[in-house]
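Working notes for the structure below.
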Amino acid sequence: MFQIRIHGRGGQGVVTAAEMLSIAAFDEGKHAQAIPSFGSERMGAPVVAYVRIDDDPIELTEPVLRPDLLIIQDPTLFHAVDVFSGLSDDGFLLINTARGLPELRIDEALARLPEHHVYTVAATELAVRHLGRATPNTALLGAFTALSGILQLDSVIKAIHDKFSGDVAKSNVTVARAAHDAVQAA
Amino acid sequence: MLQQIEGSAAVAQAVAACRPEVIAAYPITPQTHIVEGLGDMVKRGLVGNCQFLNVESEFGAMSVCIGSSATGARTYTATSSQGMLFMMEAVYNASGMGLPIVMTVGNRAIGTPINIWNDWSDSMAARDAAWIQLFVEDNQQAADVHVQAFRLAEAASLPVMVCMDGFILTHAYTRVDVPEQAVVDRFLPAFEPRQVLDPAAPITMGAMVGPEAFAEVRFLAHYKQLEALDLIPRHAVEFEALFGRDSGGLLKSFDAEEKSTVVVSMGSVIGTLKSVLADMRQDGTSIGLLSIRSYRPFPKQKLNDALANAKRVIVFEKCLAVGMGGILAADVRMALTNLAVPVYSVIGGLGGRPITQENLRRMLDKGVHDQLEEPHFHDLNVEVVHRELERLRDIQRPGPSAESILRDIAGAEANARSSR
Chain A
134 MFQIRIHGRG GQGVVTAAEM LSIAAFDEGK HAQAIPSFGS ERMGAPVVAY
184 VRIDDDPIEL TEPVLRPDLL IIQDPTLFHA VDVFSGLSDD GFLLINTARG
234 LPELRIDEAL ARLPEHHVYT VAATELAVRH LGRATPNTAL LGAFTALSGI
284 LQLDSVIKAI HDKFSGDVAK SNVTVARAAH DAVQAA
Chain B
536 MLQQIEGSAA VAQAVAACRP EVIAAYPITP QTHIVEGLGD MVKRGLVGNC
586 QFLNVESEFG AMSVCIGSSA TGARTYTATS SQGMLFMMEA VYNASGMGLP
636 IVMTVGNRAI GTPINIWNDW SDSMAARDAA WIQLFVEDNQ QAADVHVQAF
686 RLAEAASLPV MVCMDGFILT HAYTRVDVPE QAVVDRFLPA FEPRQVLDPA
736 APITMGAMVG PEAFAEVRFL AHYKQLEALD LIPRHAVEFE ALFGRDSGGL
786 LKSFDAEEKS TVVVSMGSVI GTLKSVLADM RQDGTSIGLL SIRSYRPFPK
836 QKLNDALANA KRVIVFEKCL AVGMGGILAA DVRMALTNLA VPVYSVIGGL
886 GGRPITQENL RRMLDKGVHD QLEEPHFHDL NVEVVHRELE RLRDIQRPGP
936 SAESILRDIA GAEANARSSR
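So the sequence lines, in the order shown, correspond to chains A and B. Under this note's numbering, the first residue of the first sequence carries the number 134, and numbering increases by one thereafter. Under this note's numbering, the first residue of the second sequence carries the number 536, and numbering increases by one thereafter.
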């Protein structure tokens, strides 16, 4: 079972990202589960969502406590929430930031993760450029497909079309593709 | 059709396939997505000639449901938490009049303190309202049991609540094979009401009944609900024959018959319990699981059969009878004819507290060695409770405990962060 925990803030599409990942996994014939952990539902409040992907049916309903991958939609959360809780020493970390890793002041966490398990992508900047709004979720999903090999970019693109339509879908696909290519090139 | 879909959307589609004629609902978290989904489908003309009534409150919703069901229309609503409390008088009226309304309860805690998250306080508050109450473990069951609920309600002429854990199920995206219209039509016949308000043939529904007959009317309510003990499994068998899925029924045993310790619970925690129990069995513990699917009527006989060889029973429930203990545990104790078996009451998951494999394992490792106090409050932060009790003792005007406990926990978290 591959377990993902997505951390972000209200308004960043954290829950939608988890749902799209589960739809993409379903499209590939896998079993998947996306469960949101709502706080008081307001813009800017920390939000967590959980995704499980497996070849077999998933019965667990507990939160994801030992993630294989963390997606951090807002790097200011590093110093507000214990985002690294339960992340294994060979886990993956995908961060939305336009800055360099040293500036994030998470050296301790980085030190225990293997090389090539930590990626950054300027997801908010990509979203603002192509969508005109700061929703980094689809960029991060595109980046996820480049780093993990768990899901294909095409499945995420299908899931984007499942959730959005028209120009919004098209721009989100552009964002996901751009982030995927950026991570692949890194 | 097999879909990756939100639990609420799956329920909305399953209810739509049951061809409801009237839906009246008022939105409340976490039920909202269900009625929004249905409202959308009705507006797009996808639910036959169904009317969706936007009402001013939950009391209005259930009152409309009573009226429409009394005229012979297949009727549906959904609610949660305080919404259930607000409609409560009408909830009793619906069952008292024998109206086959189906209502989803997106199970949520009841305030105060206000809490939007999952436990069973709401449907338990309506435990004695004479509705049938069916609990579901996952979203496949949620979709399937709604189809069976309409069949059951109309066959028994009784209202049915389908209880699904809020957020954990209502907001979860999982794989669901949503019951298809053509197959639902084969399972669910057209509604033939046992009583209809008709100006041409006047009757009184909800007549005043004095001491001379009230006991007999109440007895019949009890008797009628017990008859559902036969209908529920029969419908589940028919459903499985048509849809190929084991959904519904009175209860589901996971190796309960042969094990020394049996955990009894309901709802979505069954999935996590299954996984913990599999680990414990691998480690040599004799432990089984029983999922109550029909909470009202309570399947006494089946429960006794399943627990006939148990040495101890551990009841895990997301509700609390303050001043007493577990509610489901009390039912299990009352139902068991073998009084020698200890029944432990474990209360957990209140107000959305995560129930994890780890904390369940810790509790069950004690449980199988008869080391649980009575009742046992699962995953309780004992230090916080002690500090608050001390404060209440020492301070002249201590103020609200809810606020001071929040402050205490926030302080502890800040300390933990600065020491990291």
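Yeah, the Cβ is synthetic: ideal placement off N, Cα and C, and Gly gets one too.
Query: Is DSSP giving M153/A helix, strand or coil here?; Result: helix
Query: Indicate whether G861/B and S829/B have their beta-carbon atoms separated by less than 9 angstroms.; Result: no
Query: Report the rounded CA-to-CA distance for A937/B versus P648/B, giving the unit in angstroms.; Result: 7 angstroms
Query: Along chain B, in chain order, which residues have C-beta atoms closer than 9 angstroms to that of Q166/A?; Result: A707, Y708, T709, R710
Query: Suppose you measure from the CA of Q136/A to the CA of H313/A; what does that come to, to the nearest Å?; Result: 20 angstroms
Query: Quick check: the Cα distance between H921/B and S939/B, rounded to an integer number of angstroms?; Result: 12 angstroms
Query: What are the partner residues of G141/A, as DSSP defines its beta bridges?; Result: V180/A
Query: Taking the alpha-carbon of L786/B as reference, which of K578/B, V798/B, R579/B has the nearest alpha-carbon?; Result: V798/B
Query: Secondary structure at G641/B, three-state DSSP: helix, strand or coil?; Result: strand
Query: When the distance is taken between beta carbons, is L198/A closer than 9 angstroms to T891/B?; Result: yes
Query: Residues in the same chain with beta-carbon distance under 6 angstroms from S795/B, minus the five sequence neighbours each way, listed in chain order, please.; Result: S821, K846
Query: I want to know whether the segment 271-286 of chain A touches the segment 550-568 of chain B - three or more CB-CB distances under 8 angstroms.; Result: no
Query: What three-state label does DSSP hand F135/A in the structure shown?; Result: strand
Query: Is S221/A buried or exposed, if buried means 16 or more other CB atoms sit within 10 Å of its CB?; Result: exposed
Query: Under three-state DSSP, which class holds E541/B?; Result: strand
Query: Which residues, in chain order, does the segment 849-864 of chain B contribute to contact with chain A at a C-beta distance below 9 angstroms?; Result: none
Query: DSSP state of E852/B, grouped into three classes?; Result: strand
Query: Mapping DSSP to helix, strand and coil, what is Q892/B?; Result: helix
Query: Is the Cβ-Cβ distance between D201/A and G224/A less than 9 angstroms?; Result: yes
Query: Between the segment 692-705 of chain B and the segment 662-682 of chain B, can you find at least three pairs of beta-carbon atoms closer than 8 angstroms?; Result: yes
Query: Return helix, strand or coil for M898/B, following the three-state DSSP convention.; Result: helix
Query: Starting from the beta carbon of T807/B, find every residue of chain A whose beta carbon is closer than 8 angstroms, and list them in chain order.; Result: E192, L193, T194, E195
Query: Using only alpha-carbon positions, find the residue among E923/B, D733/B, M622/B that is nearest to A661/B.; Result: M622/B
Query: Consult DSSP for V261/A and reduce its assignment to one of helix, strand or coil.; Result: helix
Query: Using a Cβ-Cβ distance under 9 angstroms, would S803/B count as near chain A?; Result: yes
Query: By the DSSP assignment, the beta strand (DSSP E) with I168/A in it spans what residues?; Result: 164-170
Query: In terms of alpha-carbon separation, which member of H568/B, E556/B, T564/B lies closest to E541/B?; Result: H568/B
Query: Of all the CB atoms in chain C, is at least one closer than 9 angstroms to the CB of E541/B?; Result: Absent from the structure: chain C. Protein chains present are A and B.
Query: Helix, strand or coil for M576/B, going by three-state DSSP, please let me know.; Result: helix
Query: Report the neighbours of I137/A on chain B: residues whose CB is nearer than 7 angstroms to its CB, in chain order.; Result: None at all; the shortest Cβ gap to chain B is about 13 angstroms.
Query: Would P889/B pass as an interface residue toward chain A - the criterion being a Cβ-Cβ separation below 9 angstroms?; Result: yes
Query: For a quick check, are the C-beta atoms of T194/A and S803/B less than 9 angstroms apart?; Result: yes
Query: Please check the pair G299/A and V289/A, which I expect to be a contact at CB under 8 angstroms, by giving their CB distance rounded to whole angstroms.; Result: Not quite, the Cβ-Cβ distance comes to about 18 angstroms (not below 8 angstroms), so this is no contact.
Query: Would F702/B pass as an interface residue toward chain A - the criterion being a Cβ-Cβ separation below 9 angstroms?; Result: yes
Query: How far does the alpha helix (DSSP H) with S656/B in it extend, from its first residue to its last?; Result: 656-660
Query: Suppose you measure from the CA of I930/B to the CA of N844/B; what does that come to, to the nearest Å?; Result: 52 angstroms
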